[in-house]
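Data first, discussion second: the structure below is written as structure tokens.
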Amino acid sequence: MNDRLPAPGAASQTANARLDIRSGLRYGHDVISMCPQCLLTIPGRVLSTAAGVVMQKTCPEHGAFESLIATDIASYERMRQAPRFVKLPARVAMPEAKGCPDDCGLCPAHEQHTCLAIVEITTRCNLPCPVCLADATAKGPELSREQVLSSLQTLIDTEGQPVPLQFAGGEPTLHPDLIDIVRGARDLGYGKMEIDSNGLLLARDPRLAIELRAAGLTGVYLQMDGLAAAENVFIRGRDLRAEKLQAIIHCRDAGLQVVLAVTVVPGVNDQALWSLIQFAAEQRLTGINFQPVVLSGRFPSELEQGHRRFTATHFLRAIEAQSGGALRAADLMPMSCPDPRCGLLAYIVVDRDGKLLPLNRLVGDERLKKHVAEMSDWDVLLRQLGCDSAGCGCGDGDVREQLASVLEGAELFSVGFHGMMDALCFDQERARRCCVHKLTADGKLMPFCLYNMKYRPQGC
Ligand SMILES: [Zn+2]
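Quick note, in our numbering, the sequence shown goes up one by one and the last residue is 462.
Rendered as structure tokens:
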């Protein structure tokens, strides 16, 4: 079937053939994807070209599409072949009728439970960002407290227990009942809860962070894209640096964990990744997470995603180069849950002098795999690392001793990467393994990327 797919260009086909002959490797694998224009499910193929690893596919009506998905085969395969941890939800919510991805809710074809549920409590936002996944505007509907708590009860029934939550939007701090919603979720048994916020209202009034913390909120996923004015203006429409810093101070003072959420736009802020990591570490934040821009929602027309996509392997190369090796590609481990191509994570110790020490170099990758899959908090991770049985011969007791000396006076930090998909690079296998799910008002769960490209109501 794939032989019939028209090539997007004779030149790239020729380059591909040459590459195969030189390496002796005929690389490629089939995928199930979709047309980025009509969203029809269509076959595709991942293969190597001179431009990098690409996905090619053809819609019978809209023609051929090609999207870059990795810099090189070795880096792509390191992620693709990484081990997976699989856990299914306690209950299947939807029957499978039309087939994946058309019965999303989740149906029996889904291969992973929910690690993080995203609850978009309002569609309203107080920033008209040129780049916006949700295409949020100043006006729009929001969920009532009762709707949110009812969907959270359904989530407990599906998962068998409460899972980490992210209240999002729009801008969740605009919801008049946000504090009551957080309190209600805590009463249902939810423990780990964050808001995905632009920080503007958190910056304006220190009491908001204090009240949210008292209601049970544990963290803020604070969107921040750069330390230079121009990066802020391009991605968010204006210079927000002072407000972000004020929001950080208020959240930290209130005892909320802060993780910076960076939207990476190639050519705009992809050269500033290491400086953002250093900033977040200096600010004693919990971590930083990078999410490249995708072709969903509001997206400036000048940003091309076919061959200029910033992928996970671009991220690995950029981090190693920008940090001068302080953080290496090997320090960022593919996440074993969801699909390892979707996420990377490094646990990092920041010593008294501000020097970053990736934990895998101290304890080895093997000991961290389970924690990377589960995104364990540091207290869980440190409790489980090493061995309590002195002299048992496993060697893990030494690790605990070494750790104790390194951790003295140090701060704990993490660096993550979340490579979201859009319809141009959609891979059904990755979607089926997704564990970051949008929770709808009626209690359905959908892979967040898939929701953005196929199910999000237009104009909300
Ligand atoms: Zn089409």
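Positions of the beta carbon are idealized from the N, C-alpha and C atoms, including for glycine. Here the structure is a predicted model, which means the values were calculated and not measured.
My understanding is that residue i touches residue j, with C-beta atoms under 8 Å, so please give their C-beta distance in whole angstroms.
{"i": "L414", "j": "C106", "result": "That pair is no contact at about 36 Å."}
{"i": "D227", "j": "N271", "result": "6 Å"}
{"i": "R300", "j": "P459", "result": "Actually they do not touch by this definition, with Cβ atoms about 14 Å apart."}
{"i": "L41", "j": "G308", "result": "So it is not a contact: roughly 17 Å between Cβ atoms."}
{"i": "I181", "j": "E213", "result": "5 Å"}
{"i": "V48", "j": "Q430", "result": "Not quite, the Cβ-Cβ distance comes to about 12 Å (not below 8 Å), so this is no contact."}
{"i": "A263", "j": "Q324", "result": "Rounded, the Cβ-Cβ distance is 19 Å, inconsistent with contact."}
{"i": "V88", "j": "A72", "result": "Not confirmed; about 23 Å, so no contact."}
{"i": "R354", "j": "A283", "result": "At roughly 12 Å, the Cβ-Cβ gap does not stay under 8 Å, so R354 and A283 are not in contact."}
Give me the DSSP bridge partner(s) of residue i.
{"i": "L359", "result": "V351"}
{"i": "E122", "result": "A170"}
{"i": "D137", "result": "In DSSP, D137 forms no bridge with anything."}
{"i": "S35", "result": "I44"}
{"i": "L157", "result": "Paired residue(s): none; L157 is not in a bridge."}
{"i": "E144", "result": "T124"}
{"i": "H439", "result": "A119, P449"}
{"i": "L346", "result": "P336, F419"}
Near residue i, what residues of its chain come up, given a Cβ to Cβ distance below 6 Å and the 5 sequence neighbours on each side ignored?
{"i": "L359", "result": "V351"}
{"i": "G445", "result": "S153, T156"}
{"i": "A170", "result": "I120, E122, D198"}
{"i": "T124", "result": "E144, G171, G172, L176, H177"}
{"i": "V296", "result": "M422, D424"}
Between which two residues does the beta strand (DSSP E) harbouring residue i extend?
{"i": "E413", "result": "413-420"}
{"i": "Y223", "result": "221-225"}
{"i": "A72", "result": "65-72"}
{"i": "A263", "result": "259-266"}
{"i": "R47", "result": "43-51"}
{"i": "D198", "result": "195-199"}
{"i": "Q293", "result": "289-294"}
{"i": "V55", "result": "54-61"}
Might you give, ordered along the chain, the residues of its own chain that have their beta carbon closer than 7 Å to the beta carbon of residue i, omitting 5 neighbours on each side?
{"i": "Q149", "result": "A443"}
{"i": "Y457", "result": "C106, M448"}
{"i": "A205", "result": "E245, Q248, A249, H252"}
{"i": "G186", "result": "R147, L151"}
{"i": "P110", "result": "V94, E98"}
{"i": "Q285", "result": "I250"}
{"i": "N454", "result": "L135, S298, G299"}
If you drop the 5 nearest sequence neighbours on each side, which residues of the same chain put their C-beta closer than 8 Å to that of residue i?
{"i": "C117", "result": "V165, P166, C339, P340, E376, M377, C437, V438"}
{"i": "L347", "result": "L334, M335, M337, V374, M377, S416, V417, G418, F419"}
{"i": "V235", "result": "D241"}
{"i": "P85", "result": "S338, P342, K371"}
Where does the unbroken alpha helix (DSSP H) through residue i begin, and where does it stop?
{"i": "R209", "result": "208-217"}
{"i": "T315", "result": "314-324"}
{"i": "F301", "result": "No alpha helix (DSSP H) holds F301; DSSP gives it neither H nor E."}
{"i": "N234", "result": "231-238"}
{"i": "K246", "result": "243-256"}
{"i": "H373", "result": "367-376"}
{"i": "M81", "result": "75-82"}
Tell me whether residue i, by its Cβ, gets closer than 6 Å to a heavy atom of ligand 2.
{"i": "E98", "result": "As for ligand 2, it is missing from this structure, which binds only ligand 1."}
Distance cut 6 Å, beta-carbon to ligand 1 heavy atom: residue list by chain order:
C37, Q39, C40, L42, C61, E63, H64
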